[in-house]
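Asker:
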Amino acid sequence: MVMKQLTISCILLFSVSSITFSQNLTESDSLKYGIAKIIKNDEVLAESFKQGAVYTIAYLNQLEPELKGYASFSFEEKGNMATKIYNLVSGGFNKKKPQPVSFTTPKGTIKFEYGQSETDSVWVRLAQYDVNNRLEANSKYLSPEHIKQLLEQ
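Residue numbers (the numbering used here): 76 to 228.
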């Protein structure tokens, strides 16, 4: 009787651990898929993609453009976060002097900073500041349509 219980327990334990393993493999092996790429003159200015629930926006850093390095930030897509960010940022496109939209992270601040184009339309650039408020990276100015594409709206 004891041997039979031990065998059943071992089989049950093996079944549970193999189910857990296969679930973990599926979660950690989630595919990254692209959402948008903003390209100008054969150069990727910005792109966005998702991997599981993590949404990432990467952009060509304009602080040292000759290095062609990219900066990025990510957020977890919970409760339609991309839509909420888009709604906040797009609200500034219709204002005369919009204030930046900022998000504080443990590493510093992510800002969507507005500026005027030559045609007087409002565009936005992505900027990252460290905890001492020093600019670490910024993008070229992006149009309202670019922001819409990057945030999958």
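Cβ atoms here follow ideal geometry from the backbone N, Cα and C, with glycine treated the same way. These numbers were taken from a predicted model, which means no experiment stands behind them.
Could you name the residues of the same chain whose beta carbon sits closer than 6 Å to that of Leu201, not counting the 5 residues immediately before and after it, in chain order?
Answerer: For Leu201, where only same-chain residues beyond five positions count, the Cβ hits under 6 Å are Tyr134, Ser214.
Asker: The beta strand (DSSP E) spanning Val126 covers which residue range?
Answerer: The sequence given here has Gln at residue 126, not Val. Looking at the DSSP string, the run of the beta strand (DSSP E) that includes Gln126 is 118-126.
Asker: Whether or not the stretch 154-171 and the stretch 190-205 are in contact is what I'm after, with contact meaning three or more pairs of Cβ atoms, one per stretch, closer than 8 Å; do they touch?
Answerer: Touching, yes.
Asker: Can you tell me whether Asn136 is buried or exposed? The criterion is at least 16 other CB atoms within 10 Å of its CB, across all chains shown.
Answerer: Buried: at least 16 other Cβ atoms inside 10 Å.
Asker: Report all residues from its chain with a CB closer than 6 Å to the CB of Lys186; omit the five preceding and five following residues, and keep chain order.
Answerer: Excluding positions up to five away in sequence, the list reads Pro175, Ser177, Ala202.
Asker: Cutting at 6 Å between CB atoms, please list the residues of its own chain near Tyr189, excluding the five before and the five after it.
Answerer: Counting only Cβ-Cβ distances below 6 Å, and skipping sequence neighbours, we find Gly167, Pro173, Val197, Val199.
Asker: Can you grab the Cα-Cα spacing for the pair Glu152 / Val129, in whole Å?
Answerer: If you take the alpha carbons of Glu152 and Val129, they lie about 6 Å apart.
Asker: Tell me the rounded alpha-carbon separation between Gly127 and Leu106.
Answerer: Computed Cα separation, rounded: 7 Å.
Asker: Could you pull out every residue in the same chain whose Cβ sits closer than 7 Å to the Cβ of Lys112, ignoring the five residues on either side in sequence?
Answerer: Hits under 7 Å: Val119, Glu122.
Asker: Counting only the same chain and skipping the five closest in sequence on each side, list residues whose C-beta sits under 7 Å from that of Glu220.
Answerer: Once the five neighbours on either side are set aside, Glu220 has no close Cβ partner at all.
Asker: Just how far apart, CA to CA, sit Gly144 and Ala212?
Answerer: One C-alpha to the other measures close to 10 Å.
Asker: With a Cβ-Cβ cutoff of 7 Å, do Ile222 and Val164 count as a contact?
Answerer: Taking 7 Å as the Cβ cut-off, Ile222 and Val164 qualify as a contacting pair.
Asker: Taking the alpha carbon of Tyr216 as the point to measure from, which residue in Glu193, Asn207, Arg209, Asp205 has its own alpha carbon closest?
Answerer: Cα-wise, what sits closest to Tyr216 is Glu193.
Asker: Could you compute how far the alpha carbon of Glu139 sits from the alpha carbon of Gln228?
Answerer: Cα to Cα, the separation comes out at about 30 Å.
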